[in-house]
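Report on one structure; see the data block that follows.
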Amino acid sequence: MTRLTADIRSTFTADGAEPFTVDAAIEVESNETCVILGPSGSGKTLLLETIAGFHEHNGVVTANETDITGKPPEERGFGFVFQDYALFPHMTVRENVEYGTRYRESSRDAAELLDELGVAHLSERNPPTLSGGEKQRVALARALAICPSVMLLDEPLAALDVPTKQALRDDLADILDDVTAVYVTHNRTTARAVADRIVVMQEGRVVQRGTPEDVFERPASPMVARFTGSNVIDLSAAPSLRRILDDGIGSQARSDGSGRSPIDHDSDTDAAPQVAIRPEAITLGDADGDLSATVERVVREDATNRVTLAFDDVTVEAFATSPPVVGTEVTLSFPRDRLHPC
Amino acid sequence: MATETERRFEIDAVGRTPLVVAFVAVQALAFAAAYSVGQPTWYAYFIVGSTAVTAYALDGTSFTVATATAGSLLMIALGLPLFMFVARQTPALVIEKALDPDVHRVLYLGVYGPLLAAVLSLLFGVPLAHLLAKGFPGQPLVESLVDLPLVVPHSVAGIIILFGFGKSGAFPQFSVLGTMVGMVLAMAFVSAPYAVNASREAFEAIDDRLEYASRIHGANKWETFRRVTGPLAVRGMITGGVLAWARAVSEFGAVAVVAYSVEFFYPFAGEKVTAQHAPVFVYNTYLQGGLEESGAVAFLLLAVSAAIFLLVRYLTDDGTAGGMP
Numbered sequence: 001m002t003r004l005t006a007d008i009r010s011t012f013t014a015d016g017a018e019p020f021t022v023d024a025a026i027e028v029e030s031n032e033t034c035v036i037l038g039p040s041g042s043g044k045t046l047l048l049e050t051i052a053g054f055h056e057h058n059g060v061v062t063a064n065e066t067d068i069t070g071k072p073p074e075e076r077g078f079g080f081v082f083q084d085y086a087l088f089p090h091m092t093v094r095e096n097v098e099y100g101t102r103y104r105e106s107s108r109d110a111a112e113l114l115d116e117l118g119v120a121h122l123s124e125r126n127p128p129t130l131s132g133g134e135k136q137r138v139a140l141a142r143a144l145a146i147c148p149s150v151m152l153l154d155e156p157l158a159a160l161d162v163p164t165k166q167a168l169r170d171d172l173a174d175i176l177d178d179v180t181a182v183y184v185t186h187n188r189t190t191a192r193a194v195a196d197r198i199v200v201m202q203e204g205r206v207v208q209r210g211t212p213e214d215v216f217e218r219p220a221s222p223m224v225a226r227f228t229g230s231n232v233i234d235l236s237a238a239p240s241l242r243r244i245l246d247d248g249i250g251s252q253a254r255s256d257g258s259g260r261s262p263i264d265h266d267s268d269t270d271a272a273p274q275v276a277i278r279p280e281a282i283t284l285g286d287a288d289g290d291l292s293a294t295v296e297r298v299v300r301e302d303a304t305n306r307v308t309l310a311f312d313d314v315t316v317e318a319f320a321t322s323p324p325v326v327g328t329e330v331t332l333s334f335p336r337d338r339l340h341p342c
Numbered sequence: 001m002a003t004e005t006e007r008r009f010e011i012d013a014v015g016r017t018p019l020v021v022a023f024v025a026v027q028a029l030a031f032a033a034a035y036s037v038g039q040p041t042w043y044a045y046f047i048v049g050s051t052a053v054t055a056y057a058l059d060g061t062s063f064t065v066a067t068a069t070a071g072s073l074l075m076i077a078l079g080l081p082l083f084m085f086v087a088r089q090t091p092a093l094v095i096e097k098a099l100d101p102d103v104h105r106v107l108y109l110g111v112y113g114p115l116l117a118a119v120l121s122l123l124f125g126v127p128l129a130h131l132l133a134k135g136f137p138g139q140p141l142v143e144s145l146v147d148l149p150l151v152v153p154h155s156v157a158g159i160i161i162l163f164g165f166g167k168s169g170a171f172p173q174f175s176v177l178g179t180m181v182g183m184v185l186a187m188a189f190v191s192a193p194y195a196v197n198a199s200r201e202a203f204e205a206i207d208d209r210l211e212y213a214s215r216i217h218g219a220n221k222w223e224t225f226r227r228v229t230g231p232l233a234v235r236g237m238i239t240g241g242v243l244a245w246a247r248a249v250s251e252f253g254a255v256a257v258v259a260y261s262v263e264f265f266y267p268f269a270g271e272k273v274t275a276q277h278a279p280v281f282v283y284n285t286y287l288q289g290g291l292e293e294s295g296a297v298a299f300l301l302l303a304v305s306a307a308i309f310l311l312v313r314y315l316t317d318d319g320t321a322g323g324m325p
């Protein structure tokens, strides 16, 4: 039961690299999973490593309101799972998992943990002989074995193939239910699956924070919207959509019962020329649709089709269970309560 | 007519090890034949020709044949004198020297002194190597100082040691001129860069995240070194130690200046004896007894050094290398 806060304002310099400034603050409540989401080079790993105590900085890190800024990593009681596993190659799997237990008052049994994670049969193998998924399960067991007060995870699924990633993501979601965790990823699907709270970073700064619902449905900027997979529509290039929103005549637009769009609430569409909407919110082929669009591309995905549609001077993406024919006209409906100015 | 690919497949089918053994055997036979008819020059031509033919058979490209042929010219310069040296030994003289107690003392000192120098180089060189791998302000200055003995003429190195640690030096209470301490210091001066640089490369090859992983899971810096960094770099340290030892074995200039002959405890006699470092002894024998007599002592020194070098390589070669899994 640990509440973690970090307020980092520092410029970091690595050999041969440009100085990089991180100016970011996060708060993670007990047993909450905070996902730091951002593109490569946004400083999210640096922030995580600073929280772990790997880098000196000018900020403040607290655990349960106690300042731990000056504590070395070994005294923080945290666990860390690295993107590329960082298993000790000269030790067996069992020795890796038991590595930190001698330094902790409370710890978990290595054999039990390996069994829970489905890799008990590998306990006497050396890490270089394991697959990526197996290595990451061992790395997870090593971190859990020391009963960490906070789990720090740096893109633990990034190097894995899709089936392994999905299986481990499900396990992780269960494991992270009972521990305070900070999880760094650039993958929005993973972020949505494991997060209680999301912090979006760009160029070393936090550009949005909130629940997954906040970040995915109400992105604070076009960058956040695009990064989380929303369509960003420039209304100046989409006059037919703008007319519908201004007139408030879209049948789907009145789905919230208010008859007014979020843009109307702002009473200033000129100040919010861009709106974001998630692809899954756009409905295709509705007879009472808001406007007509041309199908430009259809990409088959697992159980659906990702459709690229063009109208006016913009393109948007939507999902359709039955794929429309490329080049044909379809009607689109934009639920007004899902449109968000950004 | 076989294509290049087919030819390479044929060679792969034979296997690399038998190919190497066959090549070495052919070379030995050719050298023996050329030497026995008193025409060792023929063997020099044979090295070049046989290397070019082998390169053509293995790869078939003009680039490989050209590089192999050029390389074989250097091999003549390095290998032929060695083969001639071994072939021209007089077995009776070698046996006589091998049974000579004076030579025993020289060989003992020739192994033992460099061993002390290598241990000293590692003892203080490994911590420095770790620091250099991590980086610190003013590092280029320290790096220059570490590499300095590689470019200083070794007789000059001896003079520098006498200035630094001799009678009017920094530690006048220690006597270095003509003592074991002086000899080990002179050897360490010229061999420490090998220990430091090899260890440093080993530390640099270890991913920082392994140390992070150790620290975050509870180990402090000492424990991290003991359990992770040290074991992963140990092969580099041993390589550095072996190189430092080998360099010290071959040291002549600095030792001749600082400790021409030294008194040391000789366990096989149970008392202190006086002897010279092996290269100095070989040089003296050459001046006093000529090429043949000094060659016999040099042959013994070469045999002992090669045996120890191969033994260390064998003992430390476990077929694995450190790094990220």
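Chains as they are written, first to last, in the UniProt record's numbering: chain A, 1 to 342; chain B, 1 to 325. We put the beta carbon where it would ideally sit given N, CA and C, even for glycine.
| Check | Outcome |
| --- | --- |
| Opening and closing residue of the alpha helix (DSSP H) in which lysine 272 (chain B) lies | Premise fails: lysine 272 (chain B) lies in the beta strand (DSSP E), 271–275, not in any alpha helix (DSSP H). |
| Minimum Cβ-Cβ distance from valine 228 (chain B) to chain A less than 8 Å | yes |
| Residue-chain proximity (isoleucine 198 (chain A), chain B), Cβ-Cβ < 8 Å | no |
| Listed by chain order, chain A residues near asparagine 220 (chain B) by CB distance under 8 Å | Pro72, Glu74 |
| Interface residues of chain B facing phenylalanine 82 (chain A) [CB-CB closer than 8 Å] | Arg209, Tyr212, Ala213 |
| Through-space distance from arginine 200 (chain B) to glutamate 211 (chain B), alpha-carbon basis | 16 Å |
| Ranges of the beta strand (DSSP E) found wholly within the segment 50–119 of chain A, counting only runs of at least 3 | 60–63, 78–81 |
| Alpha-carbon to alpha-carbon, valine 304 (chain B) and tyrosine 99 (chain A) | 43 Å |
| Local conformation of alanine 198 (chain B) per DSSP, three classes | helix |
| Cβ of alanine 52 (chain A) within 8 Å of any chain B Cβ | yes |
| Buried/exposed call for histidine 186 (chain A), threshold 16 Cβ in 10 Å | buried |
| Proximity of alanine 307 (chain B) and phenylalanine 82 (chain A) at Cβ, strictly below 8 Å | no |
| Beta-carbon separation (whole angstroms), alanine 248 (chain B) vs alanine 117 (chain B), contact threshold 8 Å | 4 Å |
| Closer than 9 Å at the beta carbon, the chain A residues around leucine 232 (chain B) | Phe88, Pro89, His90 |
| Environment of histidine 265 (chain A) [buried if 16+ CB atoms lie within 10 Å] | Legend: pLDDT at histidine 265 (chain A) = 43, less than 50; position of this residue unreliable, no value from coordinates given. |
| Unbroken alpha helix (DSSP H) run spanning glycine 133 (chain A), endpoints | 132–145 |
| Neighbourhood of alanine 150 (chain B) by C-beta, 7 Å cutoff - its chain only, sequence neighbours within 5 removed | Reading off the sequence shown, one finds leucine at residue 150 (chain B), where the question assumed alanine. Only Pro193 meet the Cβ criterion. |
| Proximal chain B residues relative to isoleucine 146 (chain A), where beta-carbon distance stays under 7 Å | His217, Gly218 |
| Distance between beta carbons of aspartate 154 (chain A) and valine 119 (chain A), contact taken as under 8 Å | About 20 Å; that fails the 8 Å criterion. |
| Coarse secondary structure for aspartate 247 (chain A), derived from DSSP in three states | helix |
| Where arginine 104 (chain A) meets chain B, residues with beta-carbon distance less than 7 Å | Gly218 |
| Separation of glycine 229 (chain A) from leucine 37 (chain A), as counted between CA atoms | 13 Å |
| Below-8 Å beta-carbon distance, tyrosine 183 (chain A) vs any chain B residue | no |
| Proximity of serine 30 (chain A) and threonine 180 (chain A) at Cβ, strictly below 8 Å | yes |
| Nearest to valine 257 (chain B) (by Cα), restricted to the options B:Pro40, B:Ser155, B:Gly125, B:Leu82 | B:Ser155 |
| Integer Cβ distance of residue 326 (chain B) from proline 114 (chain B), believed to fall under 8 Å | A query on residue 326 (chain B) cannot be resolved here, the shown segment of chain B reaching from 1 to 325 and no further. |
| Extent of the continuous beta strand (DSSP E) run through phenylalanine 20 (chain A) | 20–28 |
| Between the CA atoms of alanine 320 (chain A) and arginine 306 (chain A) - distance to the nearest angstrom | 7 Å |
| Bounding residues of the alpha helix (DSSP H) (the contiguous stretch that carries asparagine 220 (chain B)) | Premise fails: asparagine 220 (chain B) is in no alpha helix (DSSP H) and is neither H nor E. |
| Minimum Cβ-Cβ distance from arginine 142 (chain A) to chain B less than 8 Å | yes |
| Residue nearest to leucine 243 (chain B) in terms of C-alpha spacing, selected from B:Gly218, B:Trp42, B:Phe309 | B:Phe309 |
| For glycine 204 (chain A), the residue or residues it bridges with in DSSP | Answer is none; glycine 204 (chain A) lacks a bridge partner. |
| Every unbroken alpha helix (DSSP H) inside the segment 159–204 of chain A [4 residues or more] | 162–175, 188–194 |
| Inter-residue CB distance, leucine 176 (chain A) and isoleucine 277 (chain A) (contact presumed, cutoff 8 Å) | At roughly 30 Å, the Cβ-Cβ gap does not stay under 8 Å, so leucine 176 (chain A) and isoleucine 277 (chain A) are not in contact. |
| Touch test, the segment 301–315 of chain A against the segment 34–44 of chain B, Cβ-Cβ under 8 Å, three pairs minimum | no |
| Residue burial classification, tryptophan 245 (chain B) (beta-carbon count within 10 angstroms, cutoff 16) | buried |
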